[in-house]
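Residue numbers (the working numbering): 34 to 218.
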Amino acid sequence: MLTRIGKYEIRSEIGKGGFGRVYLAHDPSVDRLVAIKILTSQADPAVLGQFRAEAKTTGNLRHKNIVTVYDFGEHEGVPFLVMELLEGRNLQEVLEEGEAMSLMVKLHVLSQTAEGLHHAHRMGVVHRDVKPANIMLLAGGAVKIMDFGIANLVNLSPADRTRSQELTGTTRYMAPEQFSGAPAD
């Protein structure tokens, strides 16, 4: 198991997906716990580009309802993204467990998610994969949007805009206009 990524001391693995892993780590420079997402060695150049784009896109978004990115770099040829450690459960987990949510809690989650997305849109960023698994519910009621991995910048060149309108995201949660090839807003 990894013990260090750059200056960060790895404590444990807290998640993994098809292209990477997420670790709980300690940042000794500021004495705080962080989450570090790394790509696995199987990642192709397109995934690497997407990962770098996520770092740049999310790193420039500063909002109480969007996960904060602290750092991006490479360690022994492996790219990594250092983010705010979010302690809680994602909305998908809450829904799958069948936990009852009052109308007030539902409205709070919805309004906080909308505030974060509104900020991203004002900054020219469209998330493109908003779904329950990407909405984190934290202790104390805070709500954070995460995983801007397939987000795109709205002010793209015509060639890039065409590529950005390809079907991306989780089909179950896509807007109807995305299926007809219309631009996602």
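Glycine residues also receive a C-beta, built at the ideal position from the N, C-alpha and C atoms.
E132, enclosing beta strand (DSSP E) - first and last residue: Residue numbering aside, residue 132 sits at position 99 when the sequence shown is read from its first letter. Counting along the chain, E132 falls outside any beta strand (DSSP E), and DSSP gives it neither H nor E.
Proximity to S45 [Cα-Cα], best of N93, F84 and Y56: Indexing the sequence shown from 1 puts residue 45 at position 12. That would be Y56, whose Cα lies nearest to the Cα of S45.
By a C-beta neighbour count over all protein chains shown, 10 Å radius and 16 as the cutoff for buried, is R161 buried or exposed? As a first step, residue 161 must be located in the sequence shown, where it is residue number 128. By the 10 Å Cβ count, R161 comes out buried.
Would you give the residue range spanned by the alpha helix (DSSP H) that V163 belongs to? Within the sequence shown, residue 163 is the residue found at index 130, counting from 1. Segment: none, V163 is in no alpha helix (DSSP H) and carries neither H nor E.
Contact set for I43: own chain, Cβ-Cβ below 7 Å, skip 5 residues either direction: To locate residue 43, count along the sequence shown from 1; it is residue 10. L35, T36, R37, Y56 and A58.
Residue from G48, K40 and G39 with nearest C-alpha to R122: Counted from its first residue, the sequence shown places residue 122 at position 89. Nearest of G48, K40 and G39 to R122, Cα basis: G48.
For a test of the three-state rule: what should DSSP assign to K40, helix, strand or coil? Taking the first residue of the sequence shown as 1, we reach residue 40 at position 7. Coil, per DSSP.
With H, G and I counted as helix, E and B as strand and the rest as coil, what does DSSP make of H108? Your numbering for residue 108 matches position 75 in the sequence shown. Strand.
Beta strand (DSSP E) segment containing L119, residue limits: Translated into positions along the sequence shown, residue 119 becomes position 86. Careful: L119 lies outside any beta strand (DSSP E) and carries neither H nor E.
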